[in-house]
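Encoded as structure tokens, the structure appears first; notes follow it.
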């Protein structure tokens, strides 16, 4: 087990089925696919965004001095490329939020919206709820329920890239190549993500081996 996630769930990710994606709204600002050099302000920008999430969802008795929230918050984490020191990235902060009950949208949707987060998508895939923000910079906020395998993979992938220089450099190179190809063809951010998929799978497999979750073989 890894944070409540079984090894089987961890090493066998579910495929995304676009037929089970419910569109709630559309982005106010189209995100750029351009990969830029690491920005030293990314961690502090994440901290600003995270403080708004904590204010919305922390328990009413939270000792942090924030206004009483809904009590739904389990954890909030900086993930994705902007969370890895020295890694080039799109100028988008990725955040994983785990809530106590993903199906009780009344307990977190309006609270996040009150803090400036826009509800974008509802997916059957890992019961994912997707929000965005535009201030102080573009952010993708992924909301999950407890013991979510996808959120755990995000954590493992981040920790491995911080630790392993070779894979960090490989991922940086791949991101730039995929970004250039996608921008040349006018592709969407999802198509850019799909282009990276094979390399991400290989890197994640090495991370899972290094951290003792798998031995030999490939992640399907």
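Residue numbers (my numbering): 12 to 231.
Using N, Cα and C, we set each Cβ at its ideal position, and we do this for glycine too.
So, are the CB atoms of residue i and residue j less than 8 Å apart?
i           : j           : result
residue 155 : residue 218 : no
residue 13  : residue 163 : yes
residue 179 : residue 95  : yes
residue 143 : residue 38  : yes
residue 111 : residue 157 : yes
residue 147 : residue 59  : yes
residue 214 : residue 168 : yes
residue 81  : residue 122 : yes
residue 109 : residue 85  : yes
residue 140 : residue 113 : yes
Going by beta carbon distance, what residues of the same chain come within less than 8 Å of residue i, once the five residues before and after it are set aside?
i           : result
residue 31  : 134, 135 and 136
residue 223 : none
When you compare each of the options to residue i by their alpha carbons, which one comes out closest?
i           : options               : result
residue 48  : 91, 97 and 86         : 97
residue 22  : 177, 205 and 160      : 160
residue 101 : 190, 177 and 152      : 190
residue 106 : 91, 118 and 113       : 91
residue 42  : 57, 89, 103 and 85    : 103
residue 181 : 212, 138 and 199      : 212
residue 152 : 55, 121, 40 and 87    : 87
residue 36  : 55, 25 and 128        : 128
residue 186 : 99, 25 and 50         : 99
residue 83  : 50, 117 and 62        : 117
residue 26  : 196, 220, 197 and 138 : 138
residue 62  : 46, 176, 50 and 89    : 89
Using a Cβ-Cβ cut-off of 6 Å (strictly less than) and excluding sequence neighbours within five positions of residue i, which residues of its own chain qualify?
i          : result
residue 53 : 93
residue 44 : 190, 193, 194 and 203
Near residue i, which residues of its chain fall below 7 Å by C-beta distance, leaving aside the five closest residues on each side in sequence?
i           : result
residue 125 : 67
residue 76  : A caution first: residue 76 carries a pLDDT of 49, below 50, which makes its placement in the model too unreliable to give a value.
residue 183 : 98 and 99
residue 150 : 60, 103, 104, 106, 143 and 144
residue 231 : Because residue 231 sits at a pLDDT of 44, beneath the cut-off of 50, its placement in the model cannot be relied upon, and the point is left open.
residue 20  : 160
residue 46  : 99, 100, 101, 186, 187 and 190
Looking at the ligand GTP, does it come within less than 7 Å of residue i, judged from the CB to the closest heavy atom?
i           : result
residue 225 : The model depicted lacks the ligand GTP and carries no ligand whatsoever.
Contact between the segment 117-133 and the segment 203-213 (3+ Cβ pairs under 8 Å): No: the two stretches stay apart, fewer than three of their Cβ pairs being nearer than 8 Å.
Inside the segment 18-105 only - beta strand (DSSP E) runs reaching at least 3 residues: Positions of the beta strand (DSSP E) runs, each at least 3 residues long and wholly inside the segment 18-105, are given as 32-34 and 84-90 in order along the chain.
Uninterrupted alpha helix (DSSP H) stretches inside the segment 109-194 (no shorter than 4 residues): The segment 109-194 contains, as complete alpha helix (DSSP H) runs of 4+ residues, the segments 120-125 and 160-174 (chain order).
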